[in-house]
Amino acid sequence: MLTHTTLVLGLLATPVPVDPIPVENVLTHLRAFQATADTHGGSRVAGRPGHDASARYVAARLREAGYTVELQPFTFDFYREVAPAALSGRHRFRGVSTMHFSGSGDVTGRPRRAGLGCAEQDYRRFVRGRIAVVRRGSCSFEVKAQQAVKAGATALIVVDQKGPFKGNANRPQPIPVLAVGKEVGARVAGLRRVRVVTRTESETRRTYNVIAQTPGARPDGKVVMVGAHLDSRFEGPGINDNGTGAAAILELALRMAGARPATAVRFAWWSAEEEGLYGSKHYVAKLTPQERQSIEVYLNVDMIGSRNHTYGVYKGASERFFARYFSRLHLPYHTADLNGASDYAPFSDADVQVGGLFTGGKEAKTKAEAILYGGTAGKPKDPCYHKACDTMANVDHEVLAVSTGAIAEVVARYVSCAPCRVN
Ligand code: DTR
Ligand code: ZN
Ligand code: ZN
Numbered sequence: 521m522l523t524h525t526t527l528v529l530g531l532l533a534t535p536v537p538v539d540p541i542p543v544e545n546v547l548t549h550l551r552a553f554q555a556t557a558d559t560h561g562g563s564r565v566a567g568r569p570g571h572d573a574s575a576r577y578v579a580a581r582l583r584e585a586g587y588t589v590e591l592q593p594f595t596f597d598f599y600r601e602v603a604p605a606a607l608s609g610r611h612r613f614r615g616v617s618t619m620h621f622s623g624s625g626d627v628t629g630r631p632r633r634a635g636l637g638c639a640e641q642d643y644r645r646f647v648r649g650r651i652a653v654v655r656r657g658s659c660s661f662e663v664k665a666q667q668a669v670k671a672g673a674t675a676l677i678v679v680d681q682k683g684p685f686k687g688n689a690n691r692p693q694p695i696p697v698l699a700v701g702k703e704v705g706a707r708v709a710g711l712r713r714v715r716v717v718t719r720t721e722s723e724t725r726r727t728y729n730v731i732a733q734t735p736g737a738r739p740d741g742k743v744v745m746v747g748a749h750l751d752s753r754f755e756g757p758g759i760n761d762n763g764t765g766a767a768a769i770l771e772l773a774l775r776m777a778g779a780r781p782a783t784a785v786r787f788a789w790w791s792a793e794e795e796g797l798y799g800s801k802h803y804v805a806k807l808t809p810q811e812r813q814s815i816e817v818y819l820n821v822d823m824i825g826s827r828n829h830t831y832g833v834y835k836g837a838s839e840r841f842f843a844r845y846f847s848r849l850h851l852p853y854h855t856a857d858l859n860g861a862s863d864y865a866p867f868s869d870a871d872v873q874v875g876g877l878f879t880g881g882k883e884a885k886t887k888a889e890a891i892l893y894g895g896t897a898g899k900p901k902d903p904c905y906h907k908a909c910d911t912m913a914n915v916d917h918e919v920l921a922v923s924t925g926a927i928a929e930v931v932a933r934y935v936s937c938a939p940c941r942v943n
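Numbering-wise (the numbering used here), the sequence shown opens with residue 521 and increments by one.
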């Protein structure tokens with residue numbers, strides 16, 4: 521029960537609220553995130569208004585509570601295939617795929633071979649305005665696309681000597697880029713006219729992280745960091761993933777406002793996690809070695825209200841603190857295998873200690889887990905993972921309450937130990 525959850529006050533330099541965090545407050549933030557999605561096309565995807573409105577909400581609440589808020593801008597490459605590629609001569613070919621980061625377009629023209637398409641030489645006899653057909657190999661798809669663009673090709677078709685394949689052109693390309701197998705390649709090259717249609721969103725977008733820090737300075741200058749990504753996938757509002765984490769740490773920050781903890785706590789709301797951890801990578805890349813070393817621990821909060829939950833505690837330094845919390849509440853928990861799938865990864869890659877909590881995503885609950893936690897074996901832990909149905913209805917309030925309490929307690933424990941010797 522949530523009522524067991526208290527910030528361990530006596531250990532802090534100046535008091536922070538003792539009460540358990542009411543889940544209702546966290547739900548208020550979640551409803552605000554749902555509303556930002558509802559009024560901005562159904563998602564809170566990075567680089568789009570739904571995310572920006574969520575970030576404005578977080579920043580406004582923090583400022584009201586007295587925080588100085590930093591907005592850290594950065595750019596990232598966004599890609600989405602809106603509709604499957606179509607390649608046609610007299611008929612439409614099968615086995616055609618849009619390359620990742622292909623541009624969007626509808627072009628008709630004469631195909632022309634350009635060897636491997638890796639060097640200007642390959643385009644010696646190329647006529648501008650034609651569709652380049654090149655063999656896979658020898659250089660990256662990105663280089664092939666660059667050369668094709670330089671030579672004035674209106675589209676690029678990359679041919680694998682075996683069969684159909686999928687490829688990645690690494691960054692947004694201005695022309696359609698297709699991947700096809702040998703048979704399609706041979707037939708296309710023999711035609712006088714082909715039509716290439718791709719429908720993608722492929723562009724560099726701008727977004728930002730939101731960062732705020734409590735006062736407090738430890739003699740050794742170390743800070744505790746707590747982070748949650750605020751962006752959702754394109755497909756939905758992202759309320760469990762990761763409205764829950766973002767709302768929980770917002771409420772924690774609001775409760776700590778005005779306190780002067782012995783160790784400063786730095787809160788971060790990352791953007792573009794879903795596109796490849798861009799926000800947290802950017803943040804870590806910008807730290808000086810000294811700043812990096814000043815982070816005692818980075819606690820990651822991504823998905824903490826899953827409906828068919830388990831309590832997965834990240835391996836590492838903070839495990840013991842979480843263990844004590846769950847044991848005291850007589851709740852099961854397990855050590856989560858970390859696979860680099862969230863914003864803790866850039867921190868651990870930079871040798872910062874990481875910890876965190878995860879209540880489960882698209883993976884199915886095992887029989888053993890169902891015995892331990894209840895819920896349904898064989899069903900995903902979050903049935904709406906990365907889907908439009910990841911709404912307010914996709915959050916278990918009890919799980920969210922327990923998880924929020926866990927984060928609050930672990931942060932409080934870190935704040936009160938200097939230096940921390942957890943293991
Ligand atoms: N990548 C996260 C979901 C996710 C998958 N495995 C883990 C482990 C720990 C935290 C999060 C996750 C996302 O979709 O945002
Ligand atoms: Zn996600
Ligand atoms: Zn997530």
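Every residue, glycine too, gets a C-beta built ideally from N, C-alpha and C.
Cβ-heavy atom distance, residue i to ligand 1, below 7 angstroms
i      : result
Ala861 : yes
Gly881 : yes
Asp680 : no
Sub-8 angstroms separation of residue i and residue j beta-carbons
i      : j      : result
Ala732 : Glu584 : no
Cys828 : Gly763 : Before going on, a small fix: residue 828 reads as Asn here, not Cys. Result no, Cβ atoms of Asn828 and Gly763 do not sit closer than 8 angstroms.
Asn760 : Val546 : no
Asp642 : Ala634 : yes
Ala884 : Lys899 : yes
Ala908 : Gly623 : no
Ser608 : Val730 : no
Arg564 : His571 : yes
Gly637 : Val654 : yes
His549 : Leu877 : no
Val543 : Ala784 : no
Val744 : Val578 : no
Arg951 : Ala782 : Because the chain spans 521 through 943 in this model, residue 951 falls outside it and cannot be assessed.
Val930 : Tyr853 : no
His611 : Ala689 : no
Lys702 : Lys682 : yes
Rounded Cβ spacing between residue i and residue j (contact assumed at less than 8 angstroms)
i      : j      : result
Val817 : Val874 : 7 angstroms
Gly765 : Asp822 : 5 angstroms
Gly705 : Ile677 : 7 angstroms
Asp910 : Gly758 : 6 angstroms
Closer than 7 angstroms: residue i CB and nearest ligand 2 heavy atom
i      : result
His571 : no
Residue i Cβ short of 7 angstroms to ligand 3 heavy atom set
i      : result
Glu793 : yes
Asp910 : no
His749 : yes
Asn762 : yes
Residue i in three-state terms, based on DSSP
i      : result
Ile927 : helix
Val804 : helix
Arg933 : helix
Gly836 : coil
Ser814 : coil
Gln873 : coil
Pro852 : coil
Phe594 : strand
Arg564 : coil
Pro540 : coil
Phe621 : coil
Met488 : Residue 488 cannot be examined here, being either before or after the span of the chain that is shown, 521 to 943.
Asp751 : coil
Leu532 : Any reading at Leu532 must be qualified, since the residue scores a pLDDT of 40, below 50, and its modelled position is unreliable; the value itself is stated next. Residue state, collapsed to three classes: coil.
Phe787 : strand
The stretch 595-602 contacting the stretch 719-731, beta-carbon criterion three pairs below 8 angstroms | Proximity of the stretch 595-602 to the stretch 719-731 meets the contact definition, three or more beta-carbon pairs being nearer than 8 angstroms.
Should the stretch 697-705 be called in touch with the stretch 747-754, which here means at least 3 C-beta pairs below 8 angstroms?
-> Per the Cβ contact rule, the stretch 697-705 is not in contact with the stretch 747-754 (fewer than 3 Cβ pairs under 8 angstroms).
Taking contact to mean at least 3 C-beta pairs separated by less than 8 angstroms, is the stretch 789-803 in contact with the stretch 861-873?
-> Verdict: yes, contact present.
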